[in-house]
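Chains as they are written, first to last, in this note's numbering: chain A, 1 to 41; chain B, 42 to 370.
This report refers to the structure that appears directly beneath it.
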Amino acid sequence: MRVDWAALGIVAVVSIVTSVIFTVLLATGIRLVSVAKIKSN
Amino acid sequence: MITVPIILAGLLGAIIWNLVTWLLGLSSSSSHALFGGLIGAVIVGAGLSSVHGWVIVSKVLLPAIVAPLVAGIGAAMGTQLAYRITRKTPSAQSNSGFKYGQAFTASMVALAHGTSDGQKTMGVITLVLIAANLQASGTRPQLWVIITAGIAIGLGTYSGGWRIMRTMGKGIVEIETPQGAASGASTSATILASAHLGFGLSTTHVSTGSILGSGVGREGAEVRWSVARRMVFAWLLTLPGAALVGGLAALLSDEGVAGVVALMILLAGACLVIYVFSRRNKITHANVIDSHEVLVLAAATPSTYADDPRLEAPPKPKKIKRPKARSAA
């Protein structure tokens, strides 16, 4: 039996990319809401 | 041949190892304790040839090293970007937004936990049913097994999770809401991707890697590497430690019904002792963020209470009124 390096690589890339995209979208959303609130005031 | 007493012995190894590390506040992996307990019990009960060594290396040990690193890198990058993007946002608004994000990612971690650890619990119960000829081999877990596993995991987290929460939320690094959201996202993404490809990951290892990563990603955060080292040491010991307890239990379970009964009595006794020790330093929602340490006290004395604000104060001892000595007239 051999080690499935390809599967491990997929897990690594998918995990890092997904988590970074989610956090960036969340942070951008928070920033945009904040800017909108400041402008409306 | 894997029999019900062998599985019982393996579970005993896992349960005792889990409870001891829980008492110490170490977030040791229950998955690895389960693997270790079963491996030890199977080696003693059915022989070394019954253990598939390569499967353990490729599906358990290797992912156990790679996954926390991957989760840590994802959390570090996410945390750094989150702080950079919101650096001009008022902190109250930023915290409020990330709090919702953290609640969402924590729920995703719970879901991921179910896809990984929940399956292991259900797998063990189904294994017992198949070994006892109560279920056909190759069939799916029954509905009552799924519901029971879900309720048990939920109740366990609700009743005893505070000790681990203290270590994870305060012990390794003081977590702020952006870090919580980033580490939760990284943990859930890693576990969900791994579970889909059939790797036996530990939620504990991945969460710890993410939390460490979020500490590295935040400028000025103090990462307590000594706590992390202690934790990694517990991880390394988990598989052989649980295997040893499982193996010893398998020796006892080999003695027939008397052995199995003795095993159950031992398990109940060990649980009781650990519970009594845990009551000496209760950690609840009220004091979980007071300190970053989890103390295990051999004996709680009034002086211990006086020194440690984390402990509940005992009732004051009643003064014994002594009759005044009458002076000799």
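Backbone N, C-alpha and C fix where the C-beta goes; we use that ideal spot for every residue, glycine too.
Let me check understanding here. Comparing Cα to Cα, which of the options lies closest to residue i?
| i | options | result |
| --- | --- | --- |
| residue 248 of chain B | B/43, B/114, B/85 and B/56 | B/114 |
| residue 149 of chain B | B/74, B/77 and B/228 | B/228 |
| residue 377 of chain B | B/107, B/294, B/203 and B/130 | This structure gives no information on residue 377 of chain B, because the portion of chain B shown stretches from 42 to 370. |
| residue 243 of chain B | B/88, B/154, B/43 and B/79 | B/154 |
| residue 179 of chain B | B/193, B/167 and B/187 | B/167 |
| residue 3 of chain A | B/318, B/263, B/239 and B/271 | B/239 |
| residue 197 of chain B | B/181, B/162, B/222 and B/172 | B/162 |
| residue 8 of chain A | B/61, B/101 and B/72 | B/101 |
| residue 230 of chain B | A/6, A/5 and A/23 | A/23 |
| residue 159 of chain B | B/70, B/99, B/191 and B/275 | B/191 |
| residue 130 of chain B | A/21, A/31 and A/18 | A/31 |
| residue 66 of chain B | B/313, B/213, B/164 and B/133 | B/213 |
| residue 233 of chain B | B/96, B/156, B/89 and B/165 | B/156 |
| residue 252 of chain B | B/53, B/134 and B/272 | B/272 |
| residue 201 of chain B | B/300, B/122 and B/319 | B/319 |
| residue 207 of chain B | B/313, B/165 and B/323 | B/323 |
| residue 43 of chain B | B/298, B/300, B/291 and B/296 | B/291 |
| residue 124 of chain B | A/12, A/28 and A/14 | A/28 |
| residue 6 of chain A | B/295, B/328, B/104 and B/176 | B/104 |
| residue 266 of chain B | B/215, B/313 and B/164 | B/215 |
My guess is that residue i and residue j are in contact by the Cβ rule of under 8 Å, so how many angstroms apart are they, rounded?
| i | j | result |
| --- | --- | --- |
| residue 119 of chain B | residue 82 of chain B | In fact, because the Cβ distance is near 40 Å, the residues do not count as touching under 8 Å. |
| residue 112 of chain B | residue 254 of chain B | 7 Å |
| residue 33 of chain A | residue 138 of chain B | 7 Å |
| residue 264 of chain B | residue 257 of chain B | 6 Å |
| residue 68 of chain B | residue 205 of chain B | 5 Å |
| residue 48 of chain B | residue 186 of chain B | Contact doesn't hold; Cβ gap of about 14 Å is too wide. |
| residue 315 of chain B | residue 64 of chain B | 5 Å |
| residue 10 of chain B | residue 303 of chain B | One cannot answer for residue 10 of chain B here, as it falls past the ends of chain B, which runs 42 to 370. |
| residue 45 of chain B | residue 173 of chain B | 5 Å |
| residue 224 of chain B | residue 116 of chain B | 4 Å |
Ignore the nearest five residues each way along the sequence and tell me which others in residue i's own chain have a CB closer than 8 Å to its CB.
| i | result |
| --- | --- |
| residue 110 of chain B | 250 |
| residue 325 of chain B | 203 |
| residue 194 of chain B | 154, 155, 158, 159 and 162 |
| residue 40 of chain A | none |
| residue 344 of chain B | The predicted model places residue 344 of chain B with a pLDDT of 47, which falls under 50 and marks its position as unreliable; any figure quoted below should be read in that light. Excluding residues within five positions, none has a Cβ falling inside 8 Å. |
Within a Cβ cutoff of 7 Å, which residues of the same chain sit near residue i, ignoring the five residues on either side of it in sequence?
| i | result |
| --- | --- |
| residue 136 of chain B | 218 |
| residue 281 of chain B | 77 |
| residue 226 of chain B | 119 and 146 |
| residue 171 of chain B | 178 |
| residue 317 of chain B | none |
| residue 140 of chain B | 218 |
Just mark residue i as buried or exposed, buried being the case when its beta carbon has 16 or more other beta carbons within 10 Å.
| i | result |
| --- | --- |
| residue 259 of chain B | buried |
| residue 26 of chain A | buried |
| residue 79 of chain B | buried |
| residue 16 of chain A | buried |
| residue 211 of chain B | buried |
| residue 126 of chain B | buried |
| residue 184 of chain B | exposed |
| residue 236 of chain B | buried |
| residue 122 of chain B | buried |
| residue 276 of chain B | buried |
| residue 261 of chain B | exposed |
| residue 61 of chain B | buried |
| residue 188 of chain B | exposed |
| residue 132 of chain B | exposed |
| residue 89 of chain B | exposed |
| residue 287 of chain B | buried |
| residue 327 of chain B | exposed |
| residue 11 of chain A | buried |
| residue 91 of chain B | exposed |
| residue 20 of chain A | buried |
| residue 53 of chain B | buried |
| residue 298 of chain B | exposed |
| residue 42 of chain A | One cannot answer for residue 42 of chain A here, as it falls past the ends of chain A, which runs 1 to 41. |
Apart from the five residues just before and just after residue i, which ones in its own chain have a Cβ nearer than 6 Å to its Cβ?
| i | result |
| --- | --- |
| residue 74 of chain B | 55, 58, 59, 279 and 283 |
| residue 5 of chain B | Nothing about residue 5 of chain B can be reported from this structure: the residues present for chain B run from 42 to 370 only. |
| residue 35 of chain A | none |
| residue 241 of chain B | 100 and 101 |
When you measure from the CB of residue i to every non-hydrogen atom of the ligand FAD, does any distance come out below 8 Å?
| i | result |
| --- | --- |
| residue 61 of chain B | The ligand FAD is not part of the structure shown, which contains no ligands of any sort. |
Problem set entry | Interfacial residues, the stretch 21-38 of chain A to chain B, with Cβ spacing under 8 Å | 22, 23, 24, 26, 27, 28, 29, 30, 31, 33, 34 and 37
For this session: Could you run through the stretch 114-125 of chain B and flag, in chain order, every residue whose CB is less than 9 Å away from some CB of chain A?
Result: 114, 115, 116, 118, 119, 120, 122, 123, 124 and 125
Exercise. Listed from N- to C-terminal order along the chain, which residues in the stretch 127-161 of chain B have their beta-carbon within a distance smaller than 8 Å of any beta-carbon of chain A?
Worked result: 127, 129, 130, 131, 134, 135, 138, 139, 142 and 146
Exercise. What are the residues of the stretch 230-241 of chain B that lie near chain A, defined by any Cβ-Cβ distance shorter than 9 Å?
Worked result: 230, 231, 232, 233, 234, 235, 237, 238, 239 and 240
Problem set entry | Contact set between the stretch 97-108 of chain B and chain A, restricted to residues whose Cβ is under 8 Å from the partner | 98, 99, 103, 104, 107 and 108
For this session: Would you list, in chain order, the members of the stretch 49-73 of chain B that have their beta-carbon closer than 7 Å to a beta-carbon of chain A?
Result: none
Exercise. Using a beta-carbon distance cut-off of less than 8 Å, what residues from the stretch 2-16 of chain A approach chain B?
Worked result: 2, 3, 4, 7, 8, 10, 11, 12, 14, 15 and 16
Exercise. Which residues, taken in chain order from the stretch 75-92 of chain B, show a beta carbon closer than 9 Å to some beta carbon of chain A?
Worked result: none
Problem set entry | Cβ-based contacts, 8 Å cut-off: residues of the stretch 215-227 of chain B near chain A | 219, 222, 223, 226 and 227
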